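Per the UniProt record's numbering, the very first residue in the sequence shown carries number 1; after that it's consecutive. Glycine included, C-beta positions come from ideal geometry on N, C-alpha and C. Quick caveat, the model's predicted, so the values are computed rather than measured. Scroll down for the structure; my scribbles are underneath it.
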Amino acid sequence: MKFKFRVPVHRDDFTRVCWLQDHLKWVDDQMKLATTNKCPEHERVEISIFCLTCSVPICAHCLLSIFHGKHVQHDCCSLEDANNRIVSEVQSHIDRARQALDKGQNDLRKTQKSIDGIHQRKAQLLAKLSDMVTAIQVKIDEEIDEQLQKFEDKRKIFIGQINQHNEMITIAENEIKSKSKSELIDVKKELLSKFTALPSFSICNDSIITENILANFLVLPWQTAEFVFYNFTKRNSSSGKSVLQKYNLDYDQTWSLIIYPNNFNYKHQHVLSIFLKLDSGIPQPIEYTFIIELLHSSGDASRKYSMERTHSFQPGLRSGWESFYQVNCLKSDGFIWQNEDQIKFRFKIRTATILEQIKLLESHAHQMKDNARDADDVAARLQGEKKKIELKVTEQRKQIEQMKRKESELKESLANKKKDNEFIADERSQLKALKRDNECLTKKLNNFVEAKKRHHPEDLRNG
């Protein structure tokens with residue numbers, strides 16, 4: 001007798017049921033392998049979010065209070081966005097560091113250029129000083145040789161005159177000794193005429209001669225500048241106000257010509273007050289001679305008015321005249337240029353002596369040497385800062401490379417995670433299908449057992 005089962009059962013169905021536990025274990029192992037970068041708070045959940053508030057990577061459960069998340073209501077973004085932000089931020093630091101590096105290199109080039117200029121200027125000044133000293137030595141030798149020759153000629157003349165006097169004295173003494181009284185009376189007139197014919201000795205002033213040596217040569221050239229005082233008639237109506245004009249002269253010196261157009265002197269007269277001030281330059285006191293000239297409106301140089309003074313200057317010091325010229329006499333004396341309503345000044349300045357000039361040159365050379373040393377220090381500091389910036393840029397580049405590698409690994413991990421999730425989803429769907437098949441097979445098996453019980457109960461008992 002054949003029995004007809006409600007549900008057909010195949011041998012493969014029993015095989016699949018027997019391997020179900022192994023298959024489930026394999027699926028679980030795959031899920032464990034697929035879950036990397038686990039959250040420390042929720043161990044089975046993958047890190048996929050970045051908390052902006054705390055600056056830490058978290059998982060999705062960290063945002064939910066149901067999972068006791070510690071980052072509920074925090075500002076968050078994806079890991080990829082966070083990585084992009086960090087890369088952008090570090091890149092901005094690198095850009096700023098590169099700008100600072102470019103600026104430092106530019107400053108270093110400028111500083112090196114200044115150093116080279118200072119050394120070049122120093123060499124020029126020292127060469128100029130050496131040439132000046134050589135020229136002075138040559139001129140001194142020439143002047144001394146000329147003066148010595150003059151004195152040698154005078155010495156020879158004096159020797160000749162002395163010999164003439166000695167000879168005449170000897171002759172006169174011999175005549176006195178050898179002649180009788182009557183003979184001596186006869187030669188008296190002749191002897192006296194010879195004494196009268198003797199040359200007289202000239203007076204020699206040694207101090208004047210020695211002082212005149214190099215008197216003209218040691219006078220240094222003037223540095224000259226002019227100043228035009230415009231609208232003088234209008235501007236001299238207010239007393240106490242000054243007009244200032246700055247000039248940059250040799251050896252990095254800045255001078256100011258200060259004019260008070262309507263000042264009062266001790267006689268309560270309206271006067272021009274003029275001063276010359278050293279604003280910046282050699283800190284060591286240097287003696288200068290300066291002249292202030294008031295030019296005549298006719299242009300005739302012989303009618304100019306000038307005053308001269310020698311004074312020791314340092315930066316900040318000034319010298320001049322409280323009463324340079326009476327204001328009410330300017331027009332009548334022809335010093336106001338009527339068509340332009342202006343007065344014109346010229347000032348001249350130079351070191352008082354060659355020794356002061358040498359002192360000025362030496363002081364300027366030392367100052368330039370100090371400036372060069374300071375510039376070297378600045379260059380060394382800039383070089384150190386440059387190395388620090390380069391090191392920082394190198395470190396930041398390494399960080400960028402590390403972050404790029406991490407980003408690549410993260411993207412690869414996300415891609416693998418996506419594949420794993422797809423694989424797990426597929427396995428889960430297969431698992432669900434297996435479970436359904438298992439339930440179906442279980443029902444079939446139960447039906448088979450029930451059917452067999454109904455038709456062959458004795459077989460079951462025997463069995």
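Between residue i and residue j, which are expected to be in contact by the criterion C-beta below 8 Å, what is the C-beta distance as a whole number of angstroms?
i    : j    : result
T289 : R350 : 6 Å
E287 : E356 : 5 Å
Q223 : K344 : About 18 Å separates the two Cβ atoms, so there is no contact after all.
Y230 : Q342 : 5 Å
I47  : C39  : 5 Å
H364 : Y251 : 5 Å
D63  : L410 : The residue you asked about is not Asp; residue 63 is Leu in the sequence shown. Incorrect: roughly 19 Å between the Cβ atoms, too far for contact.
A379 : L108 : 6 Å
S65  : V72  : 5 Å
A372 : T111 : Actually they do not touch by this definition, with Cβ atoms about 11 Å apart.
P199 : Q164 : 7 Å
I115 : C76  : That pair is no contact at about 55 Å.
Q245 : F227 : 5 Å
Please name the residue in the options whose C-alpha comes closest to that of residue i.
i    : options                   : result
T310 : R109, I292, Q326 and I58  : I292
R98  : K453, K404 and T394       : T394
L129 : K359, A197, L108 and D252 : K359
E385 : L101, N84 and E362        : L101
F335 : E362, Q314, A301 and W321 : A301
I171 : K188, K181, S182 and R155 : K188
K362 : I136, K304, S319 and P283 : One detail in the question is off: residue 362 reads as Glu in this sequence, not Lys. Cα-wise, what sits closest to E362 is P283.
V45  : V56, A60, L52 and C51     : A60
K304 : R346, H270, G281 and S323 : R346
F313 : Q112, A352, D437 and V56  : A352
S242 : L272, A225 and Q149       : L272
S333 : S297, I115 and D374       : For clarity, residue 333 is Asp in the given sequence; the question names Ser instead. Of the listed residues, the one whose Cα sits closest to D333 is S297.
M132 : D374, I354, A415 and F423 : I354
I259 : P285, S280 and E322       : E322
S280 : H270, N263 and S256       : S256
L249 : H270, H42, F232 and A225  : A225
If you count every other CB in all the chains shown that lies within 10 Å of the CB of residue i, and 16 or more means buried, which is it?
i           : result
N421        : exposed
P261        : buried
N174        : exposed
E401        : exposed
residue 468 : Residue 468 lies beyond the residue range present for the chain, which begins at 1 and ends at 463; the question has no answer from this structure.
G299        : exposed
G104        : buried
E146        : exposed
L276        : buried
H68         : exposed
S207        : Below a pLDDT of 50, predicted positions are generally treated as unreliable, and S207, at 47, falls in that range; no measurement from the model is reported.
I185        : exposed
T442        : exposed
L278        : buried
H10         : For H10, the pLDDT reaches just 49, beneath the cut-off of 50, and the residue's location in the model is therefore unreliable, although a value from the coordinates is still provided. By the neighbour-count rule (16 or more Cβ atoms within 10 Å), H10 is not buried but exposed.
I169        : exposed
L295        : buried
G316        : exposed
I274        : buried
N339        : exposed
N83         : buried
L192        : exposed
I389        : buried
N263        : buried
L391        : exposed
I144        : exposed
DSSP beta-bridge partners for residue i?
i    : result
G320 : F275
Q342 : W337
C59  : I47
T310 : T289
E226 : R346
Q245 : L257
S88  : S88 pairs with nothing; no bridge assigned.
C77  : F50
Y251 : Partner(s): none; Y251 has no beta bridge.
L294 : Y305 and F345
T353 : In DSSP, T353 forms no bridge with anything.
Q124 : In the DSSP output, where bridge partners are listed per residue, Q124 has none listed.
Q326 : V271
K38  : E46
S280 : T254
Tell me, please, whether the CB atom of residue i is closer than 8 Å to any CB atom in chain D?
i    : result
N416 : Protein chains in the displayed structure number just one, and chain D is not present.
When you measure from the CB of residue i to every non-hydrogen atom of the ligand GDP, does any distance come out below 7 Å?
i   : result
V56 : Among the components modelled here there is no ligand, and therefore nothing to report on the ligand GDP.
The segment 324-335 touching the segment 360-371, judged by at least three CB pairs closer than 8 Å
Two segments are said to touch when three or more pairs of C-beta atoms, one from each, lie closer than 8 Å; by this definition the segment 324-335 does not touch the segment 360-371.
So, does the segment 87-104 touch the segment 379-399, judging by three or more C-beta pairs under 8 Å?
Taking 8 Å as the limit for Cβ pairs, the verdict is that the segment 379-399 does touch the segment 87-104.
Three or more C-beta pairs below 8 Å linking the segment 155-165 and the segment 402-412:
Too few Cβ pairs lie closer than 8 Å, so no.
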